[in-house]
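Position in the first sequence counted from 1, then plus 1012, gives you our numbering.
Where a beta carbon is used, it is the ideal one built from N, C-alpha and C, also for glycine.
Below is one structure; the comments refer to it alone.
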Amino acid sequence: MGIKGLMKLLADNAPNGMKEQKFESYFGRKIAIDASMSIYQFLIVVGRSGTEMLTNEAGETTSHLVGMFSRTIRLLEAGIKPVYVFDGKPPDLKKQELAKRYSRREDATDDLAKATESGNKEDIEKFSKRTVKVTSQHNDDCKKLLRLMGVPAVEAPSEAEAQCAALCKAEKVYAVASEDMDSLTFGAPKFLRHLMDPSSKKIPVMEFDISKVLEGLELSMDQFIDLCILCGCDYCDSIRGIGPQTALKLVRQHGSMESILENINKERYQIPDDWPYEEARRLFKEPLVVTDDEQTELKWAAPDEEGLVNFLVKENGFNIDRVTKAIEKIKTAKNKSSQGRLESFFKPVSTSAPVKRKGTKCVLVSPSPVTKFKTLSLRSRPGVLGRLIFPSLELGSNYSVPLSRHFCFGI
DNA sequence: ACTCTGCCTCAAGACGGA
DNA sequence: GTAATTGAGGCAGAGT
DNA sequence: TCCGTCC
């Protein structure tokens, strides 16, 4: 659910923290994306008609592959370098929220059964969407697809949104793209909404800058986290009677959750028993994420053409012509974007000293040097030229690392 | 009057040819 | 094996 | 821009 009403609250109270951007302006940028969220959307909408979905010969759903394939190509053609981040285990505090969702899905399953019996097509359409869930099979399919496309994936130990934010803090990506405002609460320095909306919708990309948002709200990051908890998050109940407006007023007035709890009228506002706001706060502030360079190394490589044909055409019934054309698109897109990157590469690059220590901890607060990762992007050129070109010494060793590296936690 | 919360529902992709 | 998303808009009603 | 199709 993200944070209730946060979007509107920011629009009203911190307009300078957000600005409209053109889709084109992200050419050459690395962007982190929550994979499970995308997969969920694809399963709901791609090729669905009633309970029918796109499938391969074996009857297995392929909607997620169709969606992931075309969307990723769209991003690559725009010169964007996407990184998909997959969910790990949800934190315990989220269990009850998940239980609610589960029971809602159960209800929908019953409703669907009734609708099927009575043959009500509209209801079948409606309820079947609500029964959708992302399975590990869907996730694995998509990881395989991405690997074949030469697009990096990261396994989050817990929440994908938190991992996306961590990648952005560590300057391994320029921004996090999501429709979920949680990203800001997790502290992603830059956050994009509507990046994937088709241009036909005429919704511009909205870029949030967390430091400007905090400035606009006149809050510290810690206070912002408390604000989000008060507004209502996935980790604990909110206080009845307190919504975004009041929450902002209270945080500004009292400065911290502790102080608010001491000072508010407890007759009027009932605090839930054993309210785990501290734990929720900790999950936002210090989420379980991977910061190790080994595990978050991001590489955009040439597509595995044969692998793609095997997987998509032979195993999943895709049209061979479409796949072939798509592969060509990927190759030219990657060419273009790595060259585009080259031009901009020498200008605005970070000035920080190249600390080469392998820091395994605390990416949370400190922005770390990144020169190294910019260098990596130079390598993403198609296999046509492939093996003849080893433009520089340091790149050679990286080049030989197999792609499967990114999937080392996979089942 | 006005503001706000809370509960409800819905809708959610991408492409290409006409 | 463990049950995996989300916002937005409309409306009612309580509180200020 | 609308609408059928993607598998």
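| Asked | Found |
| --- | --- |
| Residue range of the unbroken alpha helix (DSSP H) whose run includes residue 1078 | 1075–1089 |
| Pairwise C-alpha distance: residue 1224 and residue 1230 | 9 Å |
| Exposed unless 16 or more other CB atoms sit within 10 angstroms - verdict on residue 1186 | buried |
| Start and end residues, alpha helix (DSSP H) containing residue 1256 | 1256–1266 |
| Simplified DSSP state of residue 1373, which is helix, strand or coil | Unreliable positioning characterises residue 1373 in this predicted model, as indicated by a pLDDT of 29, which lies under 50. The coordinate reading is nonetheless provided below. Coil at residue 1373, not helix or strand. |
| Cβ-based burial, residue 1313 [other Cβ within 10 Å; buried from 16] | buried |
| Per DSSP, cross-strand counterpart(s) of residue 1061 | 1064 |
| Residue 1429 and residue 1021 closer than 8 Å at C-beta | Nothing about residue 1429 can be read from this structure; the chain reaches only from 1013 to 1423. |
| According to DSSP, residues forming a beta bridge with residue 1043 | 1094 and 1187 |
| Top-ranked residue by Cα proximity to residue 1263, from 1234, 1184 and 1252 | 1234 |
| Meets three-Cβ-pair contact criterion under 8 Å: the region 1096–1109 and the region 1243–1254 | yes |
| Distance between residue 1329 and residue 1066 (C-alpha atoms, nearest Å) | 10 Å |
| Start-end ranges of the alpha helix (DSSP H) lying completely within the region 1155–1211, minimum 4 residues | 1172–1181 and 1194–1197 |
| Limits of the alpha helix (DSSP H) - the one that residue 1031 falls within | Careful: residue 1031 lies outside any alpha helix (DSSP H), inside the beta strand (DSSP E) at 1030–1033. |
| Inter-residue Cα distance where the pair is residue 1268 and residue 1195 | 21 Å |
| Beta-carbon gap between residue 1170 and residue 1062 smaller than 8 Å | no |
| Beta-carbon spacing of residue 1339, residue 1306 below 8 Å | no |
| Local conformation of residue 1321 per DSSP, three classes | helix |
| Residue 1277 classed as buried or exposed, judged by whether at least 16 other C-beta atoms fall within 10 angstroms | exposed |
| Alpha-carbon to alpha-carbon, residue 1184 and residue 1310 | 8 Å |
| According to DSSP, residues forming a beta bridge with residue 1218 | 1032 and 1205 |
| Among 1050, 1203 and 1244, nearest to residue 1031 - alpha-carbon criterion | 1203 |
| Whole-angstrom distance between residue 1081 and residue 1050, CA atom to CA atom | 11 Å |
| Host alpha helix (DSSP H) of residue 1023 (start-end) | 1018–1025 |
| Neighbourhood of residue 1017 by C-beta distance below 7 Å, restricted to the same chain and skipping five residues each side | 1243, 1255 and 1256 |
| Opening and closing residue of the alpha helix (DSSP H) in which residue 1280 lies | Segment: none, residue 1280 is in no alpha helix (DSSP H) and carries neither H nor E. |
| N- and C-terminal bounds of the alpha helix (DSSP H) containing residue 1139 | 1133–1142 |
| Straight-line gap, residue 1089 to residue 1345 (C-alpha atoms, nearest Å) | 5 Å |
| Sufficient close CB pairs (3 or more, under 8 Å) joining the region 1151–1165 to the region 1124–1139 | no |
| Inter-residue spacing [alpha-carbon to alpha-carbon] between residue 1308 and residue 1302 | 7 Å |
| Presumed contact (8 Å Cβ cut-off) between residue 1046 and residue 1176, rounded CB distance | 6 Å |
| C-alpha distance - residue 1336 paired with residue 1147, whole-angstrom precision | 28 Å |
| Sequence-distant residues of its chain with Cβ nearer than 8 Å to residue 1281 (five each side left out) | 1251, 1252, 1253 and 1254 |
| Outcome for residue 1037 when other beta-carbon atoms lying within 10 angstroms are tallied against a minimum of 16 | exposed |
| Nearest-angstrom Cα separation, counted from residue 1095 out to residue 1401 | Legend: pLDDT at residue 1401 = 24, less than 50; position of this residue unreliable, value from coordinates given subsequently. Those two C-alpha atoms are separated by around 25 Å. |
| Cβ pair residue 1112, residue 1043 closer than 8 Å | no |
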